[in-house]
Structure formats: C-alpha cells, structure tokens
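Below is one structure, written out as structure tokens; comments come after it.
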Amino acid sequence: VALAEVFRYIKFSQFFLFSMSASSAIDCSMSEWTEWSECNKSCGKGHTIRTRIVKLEPQFGGDPCSETIQRKKCKLRKCTRGQGNSEEKRRRKEQREKRRGKQGRAEGATEHPGCRMRPWSSWTECTKLCGGGIQERLMSIKQKFKTVQLSSCKDRKEIRACNVHPC
4 VALAEVFRYI KFSQFFLFSM SASSAIDCSM SEWTEWSECN KSCGKGHTIR TRIVKLEPQF
64 GGDPCSETIQ RKKCKLRKCT RGQGNSEEKR RRKEQREKRR GKQGRAEGAT EHPGCRMRPW
124 SSWTECTKLC GGGIQERLMS IKQKFKTVQL SSCKDRKEIR ACNVHPC
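Reading the sequence shown from the start, the letters are residues 4 to 170 in my numbering.
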C-alpha cells in the first residue's frame, strides 16, 4: 500500500511540474525598432541600420529573441568625380576616416556647412555583453553661422553594432 502511494505521488508530482513549467514559460520581450539611421554614405551605395533591445530574456522554455539589428542598403545619389565638388570630397574623406577608426583631432575638428561642431562624444557602453548590442555617440552644434539655412546644421548621431559574438 505504501509503495502504491509513493508511485501515485511521483506521477502527480511529474504532472504538476510539467503543467507548471508549461504555464510559466516567459517569451522574449523586445523594444520597438528605432527609426532607420541616416545612410552611412552621402552618395553611392551605403547602408542604414535600425536597432531594438531585449527587454526580457526568455525563461522556462519561452520563445527566443529575434534579431536586434537590421541593416538595409541605401543609395542617395550617384557619386560624381572630377567635378571639383569639394563638399563631396570632404564627406568621402570623413567616411574613410570613420571606417579606419580614426579619432581625436581630425574627427573633433569636423566642420559642417553653416556650423561649427563639438567633438564626437565617446561611444556609449554596449547594450549587451554578447549576442549583438548597440552603441551610439553624438556630435552637437557648437556655433551656427547666420548666413546659412538651418537644415544644413544639425546635431549628429552615429550608431554601431557591438559585441556581436554569440553568447
């Protein structure tokens, strides 16, 4: 009689544990997507990204998280060469410097039409330790010149992926 009760208790416990784990599964919860970033090129083929963050990791067998970074191609206009377009040449040079990871005086002294900019801020900490997070940095306006349209002088924000290695 005692052995039969032990088996009945074990079966009940297994059923209880199974039903508890099935009902307490917590799915991944993610933020909304950010707006698409500006194209990383001023002409020719480039890319733009948008990001989101994991608000709650899945638990107890819940649905996994999907991607946190999306990237798509962009092409604003065809690049022109040899036409003396100094602004376009400057933009291409800035993009090359960014790709090479140069920082400091050259980047801090970046001028934009109609305004003088402060240096880039430091990159923020990565939002995740692994599995793909994001970092951002800002460049704000130091001085606007009176003779220029307002639209050409605005704060800048850069976003990049970080810690993209698997967890």
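From the three backbone atoms N, C-alpha and C, an ideal C-beta is built for every residue, glycine too. None of the values given here were measured: they were computed from a predicted structure.
Does the region 133 to 145 come within contact of the region 56 to 76, defined as at least 3 CB pairs closer than 8 Å? A contact between stretches requires three or more CB pairs, one per stretch, nearer than 8 Å, and the region 133 to 145 meets this requirement with the region 56 to 76.
Can you tell me the Cα-Cα spacing of glycine 85 and glycine 47, whole angstroms? Legend: pLDDT at glycine 85 = 48, less than 50; position of this residue unreliable, value from coordinates given subsequently. As the crow flies, the alpha-carbon of glycine 85 is around 15 Å from that of glycine 47.
Would you kindly work out how many angstroms separate the C-alpha atoms of cysteine 68 and leucine 141, rounded to a whole number? Answer to the nearest angstrom: the Cα atoms are 28 Å apart.
Quick one: give me the first and last residue of the beta strand (DSSP E) that isoleucine 52 is part of. Its beta strand (DSSP E) spans residues 48 to 54.
For lysine 149 and lysine 76, I'd like the C-alpha separation in whole angstroms. Taking the straight line from one Cα to the other gives about 36 Å.
Pick out whichever of Pro122, Ile144, Ser40, Glu60 has its Cα sitting closest to the Cα of cysteine 170. From the listed residues Pro122, Ile144, Ser40, Glu60, the smallest Cα separation to cysteine 170 is found for Glu60.
Shortest alpha-carbon distance to threonine 51 belongs to which of Glu35, Ile72, Arg121, Cys31? Residue Ile72 holds the alpha-carbon nearest to the alpha-carbon of threonine 51 among Glu35, Ile72, Arg121, Cys31.
Determine the DSSP secondary structure at serine 69, reduced to helix, strand or coil. Of the three classes helix, strand and coil, the one that applies to serine 69 here is coil, per DSSP.
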